[in-house]
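Our numbering numbers the first residue of the sequence shown as 131 and each following residue consecutively. Notes to accompany the following structure.
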Amino acid sequence: MKLTILAIGKPGRGPEAQLADDYARRASLAGRALGLGPLDLIDLEPRKPGKAPEADLLLAAAEGAHLIACDERGRTYASRAFADHLATLRDQGERRLVFAIGGADGLDRRVLDAAGSTLAFGPQTWPHALARAMLAEQLYRAVTILAGSPYHRD
């Protein structure tokens with residue numbers, strides 16, 4: 131199952147972007163044997179401001195995939211439960227899993243309605259570049275949990 135993080139905006143070249151890239155690379159390498167990956171990071175830049183143009187881009191890029199909307203009101207998972215969720219989707223035959231991170235104003239209702247599930251990193255609001263890095267790390271962590279690696283400790 132291919133994994134993709136779709137994010138509105140450009141993360142720049144700062145440490146958050148480097149961290150996300152590093153975890154995406156790790157997840158891609160570790161997930162290969164498990165049928166998870168590669169993990170792609172795709173940044174989308176709408177031509178017009180607002181949630182509606184962002185939604186158009188996100189929905190077009192996620193077409194045909196199982197969509198998970200990253201939203202502060204979404205479901206929170208412990209790391210092992212998140213790994214189990216990914217494995218269940220893979221085992222049910224999903225071929226592509228897309229995580230959507232919206233712009234500064236969050237996700238348009240159309241993206242939330244189209245999502246098969248939601249994901250929150252708790253009730254706080256996080257900068258988009260940091261949310262992208264945190265999600266990439268959690269995907270790497272999920273892959274290592276499923277592989278039986280000692281990376282994750284309970």
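The C-beta atom is built at its ideal place from N, Cα and C for all residues, glycine as well.
Query, Result
"With DSSP collapsed to three states, give me the class of Ala230.", "strand"
"Whole angstroms is fine: what's the gap from Gly232's alpha carbon to Ala211's?", "24 Å"
"Restricting to Cα atoms, I'd like to know which of Gly246, Arg271 and Ile275 is closest to Arg155.", "Arg271"
"Counting Cβ pairs closer than 8 Å, one from the segment 147 to 165 and one from the segment 260 to 269, do we hit at least three?", "yes"
"Give every residue of the same chain whose Cβ lies closer than 7 Å to the Cβ of Gly246, excluding the five residues on either side of it in the sequence, and list them in chain order.", "His196, Leu197 and Ile198"
"My guess is that Asp201 and Thr255 are in contact by the Cβ rule of under 8 Å, so how many angstroms apart are they, rounded?", "About 11 Å; that fails the 8 Å criterion."
"Can you tell me the Cα-Cα spacing of Pro145 and Ile138, whole angstroms?", "18 Å"
"Following the continuous beta strand (DSSP E) through Ser247, name the residue where it begins and the one where it ends.", "Ser247 to Leu249"
"Note the first and the last residue of the continuous beta strand (DSSP E) segment covering Leu196.", "According to the sequence displayed, residue 196 carries His and not Leu. Taken as a continuous stretch (DSSP letters only), the beta strand (DSSP E) holding His196 covers His196 to Cys200."
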